[in-house]
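Novice: Structure incoming, see below.
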Amino acid sequence: MANNIETNGESYVQACVIKNTVNEERTTVFDVGANLGMWTKSYLRQCPPKQCASTHIYMFEPVQDTFQKLKANLQQEEAAGTVRLRSLAMSDKAGKAEMVVLSKTGGTNSLEYDADLAKTALERTIITKSTITAFCKKEGIEHIHLLKTDTEGHDAHALVGAYTLLKEGCVDVVQFEYNFRWVYARSYLKDIFDLIDGLPYKIARICPDHIEVFEEWHFELERFFEGNYLIVHEEALKWFSVCEGHFDISNTYA
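Quick note on numbering: the sequence shown equals residues 7 to 260 in my numbering.
Structure, rendered in structure tokens:
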């Protein structure tokens, strides 16, 4: 499936969240790995003006060249108080880390890389990390309606850093990217299934006009193909058109 927000189901997920939070006094959204802000722009295009006025989108981008371009792209929204920009990476622990910069404002800069990828980097830069849980505690954020991560392989680490919030049911919907860069991180979809084990959440794959919910992990899921997945609170499943299948004896999902 082409990695296009408007056609790959990401826009559909945004629309479902917007529709089902319209009566909230305040809607809180996290855009982790914001890059140049295209995902947030898509969200705001679909958001009615009155609802936008009561929406706070926290955007995180650790690479300075990209962050400055992000600020320029979201200047109007930042001035209105709709978006709050932070030059931070989200991870499983706070501190400093080395990131490979593959292009000044590209969307493939990453904390996860091997020796071959590092050889193609323009530079390596030291960035600052926090955790989603720690950031929410510091900012007094009690609930997140939609948490999106697109961190080029570091997503599982970012979600570990949100575990306390998930355990307390403080997040309605999490969207995370899954692709071959998870190999560099030695992370697996199974890690996410294990993370939410015993919690009131389901894991689903995003499709253009629905979501596919998986009751449990299966090894056939572990293909590292480019895609986006959800962690959905059971109370928020009704926000979406849901398909539920299973893997048969031939390991085929249907």
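Built from N, CA and C at the ideal position, the CB exists for glycine as well.
Since this is a predicted model, take the numbers as computed values, not measurements.
Distance check for CYS53 and ASN29, CA to CA, integer angstroms please.
Specialist: In the sequence shown, residue 29 corresponds to position 23, counting from 1. In the sequence shown, residue 53 corresponds to position 47, counting from 1. Roughly 13 angstroms between the two C-alpha positions.
Novice: Three-state secondary structure (DSSP) at ASN234?
Specialist: Here residue 234 refers to the residue found at position 228 when the sequence shown is read from its first residue. Residue state, collapsed to three classes: strand.
Novice: Within the segment 112–186, note down every full beta strand (DSSP E) run reaching 3 residues or more, in order along the chain.
Specialist: 129–136, 150–155, 177–184
Novice: Considering Cα atoms alone, identify which of ARG130, VAL180, GLU67, SER60 is closest to CYS22.
Specialist: To locate residue 22, count along the sequence shown from 1; it is residue 16. Selected option, being the one with the closest Cα: VAL180.
Novice: Check whether the segment 123–132 and the segment 147–165 are in contact - that is, three or more C-beta pairs closer than 8 angstroms.
Specialist: no
Novice: Whose C-beta lies closer than 7 angstroms to the C-beta of TYR235 among residues of the same chain, with five residues either side of it excluded?
Specialist: If you number the sequence shown from 1, residue 235 lands on position 229. For TYR235, where only same-chain residues beyond five positions count, the Cβ hits under 7 angstroms are PHE182, TYR184, ILE209, ALA210, ARG211, ILE212.
Novice: In this structure, how does DSSP classify TYR49 when only helix, strand and coil are distinguished?
Specialist: Position 43 of the sequence shown, counted from the first residue, corresponds to residue 49. Residue state, collapsed to three classes: helix.
Novice: Quick one: grab the DSSP three-state call for ALA95.
Specialist: In the sequence shown, counting from the first residue as 1, residue 95 sits at position 89. Reduced to three states, the DSSP call for ALA95 is strand.
Novice: If you follow the beta strand (DSSP E) that ALA59 is in, where does it begin and where does it stop?
Specialist: Locating residue 59 in the sequence shown gives position 53, where the first residue counts as 1. In the DSSP annotation of this structure, ALA59 is not part of any beta strand (DSSP E); the continuous alpha helix (DSSP H) holding it starts and ends at 55–59.
Novice: Between THR139 and the rest of its own chain, which residues show a CB-CB distance below 8 angstroms, the 5 nearest in sequence each way excluded?
Specialist: Here residue 139 corresponds to residue number 133 of the sequence shown, with the count starting at 1. Closer than 8 angstroms at the Cβ level, and outside the excluded window around THR139, lie GLY167, ALA168, TYR169, THR170, LEU171.
Novice: Secondary structure at PHE66, three-state DSSP: helix, strand or coil?
Specialist: In the sequence shown, counting from the first residue as 1, residue 66 sits at position 60. In the structure shown, PHE66 sits in a strand (DSSP, three-state: E or B).
Novice: Taking all protein chains shown into account, decide if ASP156 is buried (16 or more other Cβ within 10 angstroms of its Cβ) or exposed.
Specialist: Taking the first residue of the sequence shown as position 1, residue 156 is located at position 150. Looking at its Cβ environment, which holds 16 or more other Cβ atoms inside 10 Å, ASP156 is buried.
Novice: Taking the CB atoms as reference points, tell me whether LEU76 and ALA40 lie closer together than 8 angstroms.
Specialist: If you number the sequence shown from 1, residue 76 lands on position 70. If you number the sequence shown from 1, residue 40 lands on position 34. Yes, the Cβ-Cβ distance between LEU76 and ALA40 is below 8 angstroms.
Novice: Is the distance from the Cβ of TYR119 to the Cβ of VAL106 below 8 angstroms?
Specialist: Counting from 1 along the sequence shown, the entry for residue 119 is found at position 113. Counting from 1 along the sequence shown, the entry for residue 106 is found at position 100. Yes, Cβ-Cβ distance for TYR119 and VAL106 is below 8 angstroms.
Novice: Since CYS22 is in the alpha helix (DSSP H), which residue starts that stretch and which ends it?
Specialist: Position 16 of the sequence shown, counting from 1, holds the residue named residue 22. Where CYS22 is concerned, the enclosing alpha helix (DSSP H) stretches over 16–26.
Novice: Quick one: residues in its chain with C-beta nearer than 8 angstroms to the C-beta of LYS99, no 5 flanking neighbours on either side, listed in chain order?
Specialist: Residue 99 sits at position 93 when you count from the first residue of the sequence shown. Contacts found: LYS135, THR137, GLY167.
Novice: Could you spell out the range, first to last residue, of the beta strand (DSSP E) harbouring PHE253?
Specialist: The residue you call residue 253 lines up with position 247 of the sequence shown. That residue, PHE253, is in no beta strand (DSSP E); it is neither H nor E in DSSP.
Novice: Would you mind reading off the limits of the alpha helix (DSSP H) that contains GLU83?
Specialist: As a working note, residue 83 is residue 77 in the sequence shown. From DSSP, the alpha helix (DSSP H) with GLU83 extends over 81–85.
Novice: Can you tell me whether HIS252 is buried or exposed? The criterion is at least 16 other CB atoms within 10 Å of its CB, across all chains shown.
Specialist: Indexing the sequence shown from 1 puts residue 252 at position 246. HIS252 comes out exposed.
Novice: Excluding the five sequence neighbours on either side, which residues of its own chain have a C-beta within less than 6 angstroms of the C-beta of LEU152, listed in chain order?
Specialist: Here residue 152 corresponds to residue number 146 of the sequence shown, with the count starting at 1. Here the set comprises VAL23, VAL35, VAL179.
Novice: Based on the DSSP output, what are the partners of CYS249 in its beta bridges?
Specialist: If you number the sequence shown from 1, residue 249 lands on position 243. DSSP lists GLU218 as partners of CYS249.
Novice: Could you check which residue in HIS149, GLY87, GLY43, TYR259 has the C-alpha nearest to that of GLU218?
Specialist: Along the sequence shown, read from residue 1 onward, the residue named residue 218 stands at position 212. Closest option to GLU218, Cα to Cα, is TYR259.
Novice: Pull up the distance between the alpha-carbon of GLN81 and that of GLU221, whole angstroms please.
Specialist: Against the sequence shown, residue 81 aligns to sequence position 75. Against the sequence shown, residue 221 aligns to sequence position 215. Going by the C-alpha atoms only, they are around 42 angstroms apart.
Novice: Exposed or buried, what is GLU67 when buried is set at 16 or more other beta-carbons lying within 10 Å of its beta-carbon?
Specialist: Residue numbering aside, residue 67 sits at position 61 when the sequence shown is read from its first letter. Here GLU67 is buried, its C-beta having at least 16 other C-beta atoms within 10 Å.
Novice: Any idea what DSSP makes of ASP37, helix, strand or coil?
Specialist: Taking the first residue of the sequence shown as 1, we reach residue 37 at position 31. Note: ASP37 maps to strand in three-state DSSP.
Novice: According to the neighbour-count rule (16 or more other Cβ atoms, all chains shown, within 10 Å of its Cβ), is PHE231 buried or exposed?
Specialist: Numbered from its first residue, the sequence shown carries residue 231 at position 225. PHE231 is exposed by the Cβ-count criterion.
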